[in-house]
Amino acid sequence: SDHMENICGYLMKYTNLVTGWQYRYFVLNNDAGLLEYFVNEQSRHLKPRGTLQLAGAVISPSDEDSHTFTVNAASGEQYKLRATDAKERQHWVSRLQICTQHHTEAIGKNNPPLKSRSFSLASQGSANSPGVQRRPSQNAVSFFSVGHHRLPTGKRVPIMQPDHLVDVREMMSQAEGQQRDLIRSIECLPASGHLTSLDQDLLMLKATSMATMNCLNDCFHILQLQHASQQKGSLPAGTTISWLEPKISLANHFKNGAAQNFPAEINKPASVREEQSIAEPCQLTREPEEINPDEELEDICDDKEDDLGAVEEQRSVILHLLSQLKLGMDLTRVVLPTFILEKRSLLEMYADFMSHPDLFVAITNGSGPEERMIRFVEYYLTSFHEGRKGAIAKKPYNPIIGETFHCSWRMPKSSVATDAGTNSSAHSPSEQVALPKDAEGQAEPDCYTVKFVAEQVSHHPPVSGFYAECVERNMCVNAHVWTKSKFLGMSIGVTMVGEGVLHLLEHGEEYTFSLPCAYARSILTVPWVELGGKVNINCAKTGYSASINFHTKPFYGGKLHRVTGEVKQNMTNTVVCRVQGEWNSVLEFTYSNGETKYVDLTKLSVTRKRVRPLEKQGPFESRRLWQHVTESLRDGDIDKATEHKRALEERQRNEERLRAETETPWCTKYFLKDGDGWVYHKPLWKTVSAAQTQQTDSN
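All residue numbers for the sequence shown refer to the working numbering, where the first residue is 3 and numbers rise by one.
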């Protein structure tokens, strides 16, 4: 029943990570609209330990279990509570919701509707006038006058009802116009002086005002859908609620973000002129180049990424960027500031996912289909720690179309797990896998070699193809990835669209897999990376599959970087292995025979990749292409790195424009279009098949 009822009793309250859950005595005061709690029932006559105003609050049952629920007050304070059972939770939730609704409606009836606000800049005089000069005690907020304007006579703002959406739309149109005037006024400020268009407070105002208007538009869209459902009884099948496109033209907001003019061509560094004058890629040789592994040397480059100490210094740059973005906006064409870049290309990052090649080669050594699938899952989950190079949220270079990256790994055969020892690996907890001295510089029979090649096959959309093979073990992997990045408020999300296929030619097995999403969190403070989403690994021939969940951190509590998964036999629906832990720390594998294995990713051996020296690399190989940007970042010269980066991007735009004018299609070098994907031009499965056919013909 919906009657008001004062209730009281013990609930568990989550305090913090240290204290955890504690029993507290709660009292629901319907008359005052308060939820109060005390240490125990005996202290009820004392002052409450805590009080929440329920007007405007949101009461939410938790999905994590049937006992937990949260009370989110309008002030932002939150109580996370737990009842003894589902029935008691339902009783508390229903009583709290009734009380909340009653007091929220009472506030609406007793207060007039909010009227539209407008922001106007103080009168602007000359740079020396008192209206423009900024006193030390004056901040940007005091630079604005905030006033209430009544709607024209005869226009009355009614109490919000679903059939009054026209009035809401009219008020929002006025607010949008006022917000445009605000942005225009800020951008008209001088570029230098006491108060400029790049003032941090003004940039924050731009960002928050635009975000507010976007949120209001989204809420209005939801109200429209809700109104439609009330008219029709339910939403049409397939209807989704999604973010609207911005009502404010983003083009008008890029004035301050326009590329700055650099000195005349003669004043540019020689390296920049070289970057801009490299010939059109299609006029260079587009024939695939066979890389001789003997020319590759063990990589001595060790670009450990420092923390982003420059974030505070670059705060105005980030705020200016945020002021031009909206929730859900595609960041593919947005140029991000240089100081957040890693010192490597995205193509090289894909190569770094192969930093445990002994685990990769060990997959095909599994004694049966079950063990091979489990070994693949183990390799897959151990690849992200080294590939990400820590949890710092830095971004690799966006590859230029036609850019390539080559490398290889060599490892002693003794370091690779054989089929002996069902679920064990010969991985040793050391910094690197050391090659025998006689294996340095040449491929010895006692070593396995894994070769890797990656190419940026498309610019819009940005698609990369990569391929790795171990000829000695008759295995290879081919993948293509389209990176779709979106702005999520205080985070950036990157969806890895595409598919990879591992071929174990010795067993005639193919394993298809996908990649998780990546998120850069807290981009205004200390950015950090987490992975999220569900990925699947399937082998159609054997009927084994794996389902892996990368869990993002809950808003309240919970662990970082958590991953869970299971391997099952599809025909019998039998789970043969479960895994849990953190993708950048320790993983626990539990097998069907009761055995458990722990893998400490921080102690896994890392095999250094082998790369050709810069002087032997082609002009479009990643390290040579980005060498001046990388050197500038190493020296801490952000301005110089930005200049080199801009030169490369400008050259790419000019080449793209030329191809469009001449209707010249782009020519890839190593990968061929195959349906919706991309396949290496000379994959091992074709080479082996051709060799077998030739041998059959000769016999």
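Note that beta-carbon positions come from the ideal geometry of N, C-alpha and C, so glycine has one too.
A quick note: this is a predicted structure, and the numbers were derived from the prediction, not measured.
In this structure, the straight-line span from the alpha carbon of Ile293 to that of Ile640 is close to 34 Å. According to the DSSP secondary-structure assignment, Gln458 is paired through a beta bridge with Ser466.
Secondary structure remark: continuous beta strand (DSSP E) runs of at least 3 residues inside the region 511 to 557, in chain order: 511 to 515, 519 to 523, 530 to 541, 546 to 553. The beta carbon of Asn476 lies closer than 6 Å to those of Leu507, Glu508 in the same chain, with the five residues before and after it left out. Rounded to the nearest whole angstrom, the CA to CA distance from Asn575 to Asn538 is 15 Å. In the DSSP assignment, Trp411 is bridged to Val452. Distances from the CA of Tyr382 to each of Ser369, Tyr469, Ser516 were compared; the closest alpha carbon is that of Ser516. Pro518 is positioned such that its CB atom lies no closer than 8 Å to that of Thr485.
Along the region 611 to 668, the alpha helix (DSSP H) occurs as fully enclosed runs of 4 or more residues at 624 to 627, 629 to 636, 640 to 664, listed in sequence order. Contact between Tyr513 and Cys541 holds, since their C-beta atoms are separated by about 5 Å, short of 8 Å. Within 10 angstroms of the beta-carbon of Ser211 lie 16 or more other beta-carbons, which makes it buried. By the Cβ-count criterion, Pro359 is buried, with 16 or more other Cβ atoms from all chains shown falling within 10 Å of its own Cβ.
Counting along the chain, the unbroken alpha helix (DSSP H) around Tyr352 starts and ends at 348 to 354. Judged by DSSP secondary structure, Leu13 falls outside any alpha helix (DSSP H) and instead within the beta strand (DSSP E) spanning 10 to 16.
Secondary structure at Asn586: coil, using DSSP grouped into helix, strand and coil. Taking the C-beta atoms as reference points, Trp687 is found no nearer than 8 Å to Val459. DSSP places Thr366 in the helix class (H, G or I) of the three-state scheme. Of the other Cβ atoms in all chains shown, 16 or more fall within 10 Å of the Cβ of Lys642; this residue is therefore buried. When the beta-carbon positions are compared, Phe407 and Glu344 stay at least 8 Å from each other. Looking at the DSSP output, Val499 sits in a beta bridge with Trp484. For Leu674, the enclosing beta strand (DSSP E) covers residues 673 to 676.
Sequence-distant partners of Tyr16 (beyond 5 residues in either direction) whose C-beta falls short of 6 Å from its own C-beta, in its chain, are Trp23, Lys82. For Arg91, the CB contacts under 6 Å within the same chain, skipping 5 residues up- and downstream, are His69, Phe71, Ala85 in chain order. No Cβ-Cβ contact shorter than 8 Å links Pro398 with Leu361.
Partner residues in the beta bridge of Thr576, as assigned by DSSP, are Gln571.
The residues Arg614, Lys618, in chain order, have a CB closer than 7 Å to that of Glu297 in the same chain once the five nearest residues on each side in sequence are set aside. By the C-beta density criterion, Val73 is buried, having at least 16 other C-beta atoms within 10 angstroms.
Glu79 carries a coil assignment under DSSP once its states are collapsed to helix, strand and coil. Its Cα nearest to that of Ser385, the residue Ser587 stands out among Leu627, Arg97, Ser587, Asp678. DSSP places Gln44 outside any beta strand (DSSP E), giving it a letter other than H or E. For the 8 Å CB-CB criterion, Gly404 and Phe622 form a contact. Per DSSP, the continuous beta strand (DSSP E) segment holding Pro398 begins and ends at 397 to 399.
In the same chain as Val60, and ignoring 5 residues on each side of it, the C-beta atoms closer than 6 Å to its own belong to Asn74, in chain order. Taken atom to atom, the span from the alpha-carbon of Ser466 to that of Thr366 is near 26 Å. A direct Cα-to-Cα measurement between Lys396 and Trp530 gives close to 8 Å.
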